[in-house]
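Mind the numbering: the sequence shown is residues 3 to 883 in the numbering used here, read in order. Input: a single structure, listed below in C-alpha cells.
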Amino acid sequence: MPSLGEIYVGAAIEEWSERRVIESVHASLSEAGEPFILMANFHVDGRQVDCVVATARQVTVLEIKNTRLPVRGGVDGDWERLHASGRWLRYTNGYRQALTQKNRLRDAMGRRRSAGSFYPNAAVVFAEPLPAGSMLTSGDFKVTVSTLEQLHITRSAGDSPWSLDDWLAYIRDQSLKRIDLAELMGGPALEQAFDLVREFRAASAEELDRAVQSWLPESDEQRNQVLELLDTSPGGYVNGPSGCGKTLAARWLARRMTAAGECVILLAAKDYDGSWAQLLRRELALVADASLTRFLNSLRATGCPVRIIVDGVNEFGADRAAALRGLRAIARRLEARVIVTGQSALPDQLAGLATISIAAPSLALKERIASESPAAISGAVRDLLKAVTSGFEAAIVGEIGTEMLVGASRQLLVDQFIRKRLGQAARSGSAGLRRFAERLVDTTTFSMGETEFDELMIGAGVGADEVDTTFAAGILAKRSGRVSFAHEILLNACAAHAFAQHALVAGAKFAHLLALPALEPLATDILSVIEDGETVTAILETTSSAALLFEAAQGLAGPLGEATAKGLLDRTEAAIKEEIGFLRLAIQDGDNPAVHWDAATLREWSDPERARIEALAREVGNGYRIDRYFALCAVMDAALLEERRRLFDAASTAGIHALKSESYRLAYQGFLDECGMSMLSRTALSGIHDIVGTPKNNPARDMMSLTSGQLHFYLQRRRLFLDHISDDDLADGLTATITQRFRYEPYHVKLELMHAAVFARQASPEKLQALIEAIETIDANRESLFISSSIVDSLKFLGALGDSAEAARDGIREQFVRATGEAEDEIILDLALTVSVTMFDHPYDYIYGDEFEALATDKRRLLMRRAARAPDARNAPTSPG
Numbered sequence: 003m004p005s006l007g008e009i010y011v012g013a014a015i016e017e018w019s020e021r022r023v024i025e026s027v028h029a030s031l032s033e034a035g036e037p038f039i040l041m042a043n044f045h046v047d048g049r050q051v052d053c054v055v056a057t058a059r060q061v062t063v064l065e066i067k068n069t070r071l072p073v074r075g076g077v078d079g080d081w082e083r084l085h086a087s088g089r090w091l092r093y094t095n096g097y098r099q100a101l102t103q104k105n106r107l108r109d110a111m112g113r114r115r116s117a118g119s120f121y122p123n124a125a126v127v128f129a130e131p132l133p134a135g136s137m138l139t140s141g142d143f144k145v146t147v148s149t150l151e152q153l154h155i156t157r158s159a160g161d162s163p164w165s166l167d168d169w170l171a172y173i174r175d176q177s178l179k180r181i182d183l184a185e186l187m188g189g190p191a192l193e194q195a196f197d198l199v200r201e202f203r204a205a206s207a208e209e210l211d212r213a214v215q216s217w218l219p220e221s222d223e224q225r226n227q228v229l230e231l232l233d234t235s236p237g238g239y240v241n242g243p244s245g246c247g248k249t250l251a252a253r254w255l256a257r258r259m260t261a262a263g264e265c266v267i268l269l270a271a272k273d274y275d276g277s278w279a280q281l282l283r284r285e286l287a288l289v290a291d292a293s294l295t296r297f298l299n300s301l302r303a304t305g306c307p308v309r310i311i312v313d314g315v316n317e318f319g320a321d322r323a324a325a326l327r328g329l330r331a332i333a334r335r336l337e338a339r340v341i342v343t344g345q346s347a348l349p350d351q352l353a354g355l356a357t358i359s360i361a362a363p364s365l366a367l368k369e370r371i372a373s374e375s376p377a378a379i380s381g382a383v384r385d386l387l388k389a390v391t392s393g394f395e396a397a398i399v400g401e402i403g404t405e406m407l408v409g410a411s412r413q414l415l416v417d418q419f420i421r422k423r424l425g426q427a428a429r430s431g432s433a434g435l436r437r438f439a440e441r442l443v444d445t446t447t448f449s450m451g452e453t454e455f456d457e458l459m460i461g462a463g464v465g466a467d468e469v470d471t472t473f474a475a476g477i478l479a480k481r482s483g484r485v486s487f488a489h490e491i492l493l494n495a496c497a498a499h500a501f502a503q504h505a506l507v508a509g510a511k512f513a514h515l516l517a518l519p520a521l522e523p524l525a526t527d528i529l530s531v532i533e534d535g536e537t538v539t540a541i542l543e544t545t546s547s548a549a550l551l552f553e554a555a556q557g558l559a560g561p562l563g564e565a566t567a568k569g570l571l572d573r574t575e576a577a578i579k580e581e582i583g584f585l586r587l588a589i590q591d592g593d594n595p596a597v598h599w600d601a602a603t604l605r606e607w608s609d610p611e612r613a614r615i616e617a618l619a620r621e622v623g624n625g626y627r628i629d630r631y632f633a634l635c636a637v638m639d640a641a642l643l644e645e646r647r648r649l650f651d652a653a654s655t656a657g658i659h660a661l662k663s664e665s666y667r668l669a670y671q672g673f674l675d676e677c678g679m680s681m682l683s684r685t686a687l688s689g690i691h692d693i694v695g696t697p698k699n700n701p702a703r704d705m706m707s708l709t710s711g712q713l714h715f716y717l718q719r720r721r722l723f724l725d726h727i728s729d730d731d732l733a734d735g736l737t738a739t740i741t742q743r744f745r746y747e748p749y750h751v752k753l754e755l756m757h758a759a760v761f762a763r764q765a766s767p768e769k770l771q772a773l774i775e776a777i778e779t780i781d782a783n784r785e786s787l788f789i790s791s792s793i794v795d796s797l798k799f800l801g802a803l804g805d806s807a808e809a810a811r812d813g814i815r816e817q818f819v820r821a822t823g824e825a826e827d828e829i830i831l832d833l834a835l836t837v838s839v840t841m842f843d844h845p846y847d848y849i850y851g852d853e854f855e856a857l858a859t860d861k862r863r864l865l866m867r868r869a870a871r872a873p874d875a876r877n878a879p880t881s882p883g
C-alpha cells in the first residue's frame, strides 16, 4: 500500500499552471487523509496526459489549461480564443481532450483488469479564473469544465476496479519517476527563473519611475479611461496627435502594471528593424544577462502575467503590416495582453483592441505643463501656448517661452529649443540633426544603427563632441544599438527645415513631393519654415492636399501660409457662387424620369480646386466661415426656387412629383452630377472632420429666418450652435418651424427636423407638449415611409405615445393569447406572423416586445413555428438590420 500522496511523473513539469493545479489537488486530498497516487505529464498509448489522481475508490483525469484571453466553446467543435486581431482563433477543445484521455486510460488499465462498466472521472481545469468575455461550456457527466476554485476532488464513494497496487504496477511498467512535492514545484531551477523575472521587472521599474511623475492627464476622467485599458482583453490602443501625452500615459500604465506584479515588455516601434527577435534581444540585454530563450522559458515557467507595450505604431514605416503580424504572433505565444499607441485609427491587424483617444491638450493643461504655477505665466507666454498644439511643445514654451517673440511658429519654437539645449554646439549640431532627420524621412524609418549614424555625422562635418552634446541635451536618444530623435516633434522640426531648402529650389513642383507618403505628414511643418512668399504661394496653388490647405488656413503653416490659404479659399467660395449662377436643371425622360444638372452648366473643377473645396468643407464643418457658407446656401436656395418654377410643368408631365426634394438632393448631396456646392455641403454636413481641432461654437440662429439649406446644416450640425441654448428655446424654435414650414420643406430638411425634435425632450412640460402637438398635426399619410417612421419615432422618444400604448396593452396581449392558443388554422397562423413582425415595426413595438418576453418558452417557440408556416411568411418584411 503506498503512502499518503505519492507523486509520479513521466517528465519534468514546466508549465506553471500544471504545477499550481497539482499542488492544490495534492493539498486537498492530503487533508482528506485517504491514500492516493498522483501521476503527471506522462503518455497513455501515445497521448500526453496532464494529471491522473487515483484512490482506492475513484480515478480522475485532469486536463489542465490556463488562458489570460477570453475563450469560448461548447462540448462539440473547436474552442476559440480572442486575439489582438479581433478574431476568435482556434483553441484546442479541452473537453474532447479529457474525454479521449480518460477513455485511453480506461482501455490501458482494462488490459490489466477488466473495467466492466466503470469509467474514470474527467475534468478540464483552468488554473486561474476565466477572463471576462469568456463563454465556455461547463461540461457534462462525462467531463466537467471548471476553474481551480470550482474543482472538488475529495474522498467520495466509487467502484474503481483497480487497486492502488494495480496503479503501482502500471507506473513501474511506464517507468514513471517518483518525486516529492518540492521537486515538482521546481526546486533550484525554478528559483533561477523567478530570479530572472524579478531582475527584469526591477530594472524595468527603475527605468519607468520617471513616467509616473511626468504624465499629466487632462482630467480624472481621462486618467480613469486609461486605467480601464488594464482590464481589457486582449488589450488596448491609445491614439492621439503627436505630443498629446500618449507615450507618457503608456509608460505610466507600464509602471503601474510592473508594481502590480506583471512583466511589462516596453518596445518602441521606431527601434524595430524587421526582426522582433532581434529587438527583444537588444531590449533584454539592457536590463539582464540572459538569453532570449531563457527569458521566455522563465516567463512560461513562473506564470508571470506578460504585457507588451508598443509605442508609436505609426513609426513602423513600410514594414508596418509585417510588424503587426509579428506582434500578434508574439502576444499569442506569450499569452500576453498588448497596449499599443499611435496617431492614426486602430490598424486592422489589431482590430480586437479597445480604443481610447487622447486629444491635444487644452490651454489649461498646457499651462500646467509649462509651469507648476499657472498663475505666474505671463500674457506673452500664454499667447505662445495658444499657438502650440502639443504637451511636448508646451514644455518647450515653459523652458524658453520668455525668450521668444509672440507669434513665433511652432517649428521656430522647436528650433530655438534645440539651439538653446545645444549651446555652443548649436550651429554644427543643428546642421547634423537636419541631415539625420532628412535621411530618416527619405528611408521611411525612425531610427538608425549607430555605425551608419556615425558615418552620416562624419560626412556632414559634425565632430564627436557636437554629437555627444546632442545626446547629452536630450535631443537624440540611443537604445539597443540604434539612434533616434527623443521625440517625433524634434524629428519633424529638423526634417521641416531640411526639406524647406529643397522647396526653395523646386518651387511649385515641390507640392507634388509633399503628397508623397514620406513627406505628407510633414507638409504643414515644412511650409511653416519657408520664408519666401512666392514659394509658399506656388506650393499652395498647386497642391491637391485638402489637409495642407486646411491646416495652413488655420495658421499652422505660419503667417505666409495662413494668408495664402485663406485667399485661395476666398477665391474658391467666389467660384462656387459664380457656378450657382449658371446652373440649370434638366429633365431626363423615359421609363425612369429624373431631374439632373444640365452638363453644359457644370464647371470643370481641377484637382487643386477640389482640394480647396474640401478644405472649405473642413472649415465649415468645424464651425468656421459659417456666415459665408450660409450666404452660399441662400444663393443656391434662390436658384433652386427659380429652376423649380421653370421646370414645374415639364416635371409634372414627365411624372416627377418630388421635384423640390430631388433638386435639393442634387444641390446639397449629389454624387454623380456634382457641382461645387454639393461637394462643399456634403462633406461639411457629414461631420467627419470633427477630429481636426476643436469645433468652434457659433451663436444660435432664428430657425424661421433660415433658408432650407441653412436650416438643414443648422440642425444636422447642431452641436456647433445649440450647445449653449436651453431645451425650451430649442423646443420653441422647432415648434414654430414644424407648424409653419414643415409641409413646404424638401425631404432632407423634414427628416432632420424630426431627428432634432428628439433633443428637446428635456424641455419643460408646457414647451414639450406644444412640440408634440406640432408634430401630431403633420399629415403622415402624405409623407414618405421614412418620414412617417421618423414622425412615430420622434413622438415615441418624446413620450407622446406612452398613454395610448398602455391603453393598447390588453388588446395586444389578447393577440398573443390567440396566436398561441390551442386552435390552429390559417387565420391563427397569419395572426402569429403579424404579431411577430409587428414587434419590430410598429409605434407600440416595445409593448409587443414586452408581451413576447412575458410568454413561456414553449409559447414563444409555438409562436415562431406558426409564424414560419403562415401562407404570407415568404412575403413578410424582415426585422431591421
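Positions of the beta carbon are idealized from the N, C-alpha and C atoms, including for glycine.
- With a cutoff of 8 Å on beta-carbon distance, Val-597 and Ile-541 are scored as not near each other.
- Counting along the chain, no alpha helix (DSSP H) covers Gly-237; the unbroken beta strand (DSSP E) around it starts and ends at 237–241.
- The DSSP assignment places 466–474, 490–508, 512–516 as complete runs of the alpha helix (DSSP H) inside the segment 455–519, in order along the chain (cut-off: 4 residues).
- With respect to Gly-354, His-85 sits close: the two C-beta atoms are nearer than 8 Å.
- In this structure, DSSP gives Ser-547 a state outside helix and strand, which the three-state scheme calls coil.
- Of Pro-307, Ile-24, Ala-427, Asn-43, the smallest CA-CA separation from Val-11 is found for Asn-43.
- Counting along the chain, Ala-323 sits inside the alpha helix (DSSP H) bounded by residues 322–336.
- For Leu-269, the beta-bridge partners assigned by DSSP are Val-312.
- DSSP places Gln-280 in the uninterrupted alpha helix (DSSP H) bounded by 278–289.
- Listed in chain order, the non-local C-beta contacts of Asp-417 below 7 Å within the same chain comprise Ala-495, His-499, local neighbours out to five positions each way being set aside.
- DSSP places Thr-574 in the uninterrupted alpha helix (DSSP H) bounded by 560–584.
- Under DSSP, the beta-bridge partners assigned to Gln-590 are Ala-596.
- The three-state secondary structure of Lys-67, taken from DSSP, is strand.
- DSSP, reduced to helix, strand and coil, places Ser-359 within a strand of the structure shown.
- When C-beta atoms of the segment 142–158 are compared with those of the segment 190–208, fewer than three pairs fall below 8 Å, so the two segments do not count as touching.
- With contacts defined as CB atoms closer than 8 Å, Thr-102 and Arg-49 qualify as a contacting pair.
- Proximity of the segment 169–184 to the segment 68–83 falls short of the contact definition, fewer than three beta-carbon pairs being nearer than 8 Å.
- Annotated three-state conformation of Lys-698 is coil, per DSSP.
- Leaving aside the five residues that flank Gly-88 on each side, the residues in its chain whose CB is nearer than 8 Å to its CB run, in chain order, Leu-352, Ala-353, Gly-354, Leu-355.
- A straight line joining the alpha-carbon of Glu-468 with that of Ser-486 spans about 16 Å.
- Gly-557 carries a coil assignment under DSSP once its states are collapsed to helix, strand and coil.
- The C-alpha of Pro-697 lies about 9 Å from the C-alpha of Arg-721.
- Under the 10 Å beta carbon count, Lys-480 is surrounded by fewer than 16 other beta carbons and is classified as exposed.
- Sequence-distant partners of Lys-769 (beyond 5 residues in either direction) whose C-beta falls short of 8 Å from its own C-beta, in its chain, are Asp-729, Asp-730, Ala-733, Asp-734, Thr-737, Ala-762.
- The DSSP assignment places no complete run of the beta strand (DSSP E) inside the segment 412–444 (cut-off: 3 residues).
- The beta carbon of Leu-493 sits closer than 6 Å to the beta carbons of Ala-439, Phe-487 from its chain, once the five residues preceding and following it are set aside; these are given in chain order.
- Under the DSSP assignment, His-750 falls in the alpha helix (DSSP H) whose first and last residues are 749–759.
- Considered as a whole, the segment 117–193 harbours 123–128, 146–149, 179–181 as its complete beta strand (DSSP E) runs of no fewer than 3 residues, in chain order.
- Per DSSP, reduced to three states, the secondary structure at Arg-605 is coil, with no helix or strand assignment.
- DSSP, reduced to helix, strand and coil, places Arg-108 within a helical segment of the structure shown.
- Secondary structure at Arg-721: helix, using DSSP grouped into helix, strand and coil.
- As the crow flies, the alpha-carbon of Leu-132 is around 8 Å from that of Asn-68.
- By the beta-carbon neighbour count (other beta carbons within 10 angstroms, threshold 16), Ser-838 is buried.
- In the DSSP secondary-structure assignment, Met-681 is not bridged to any residue.
- Looking at the DSSP output, Cys-53 sits in a beta bridge with Ala-42, Leu-64.
- In this structure, the CA atom of Glu-452 is about 14 Å from the CA atom of Lys-272.
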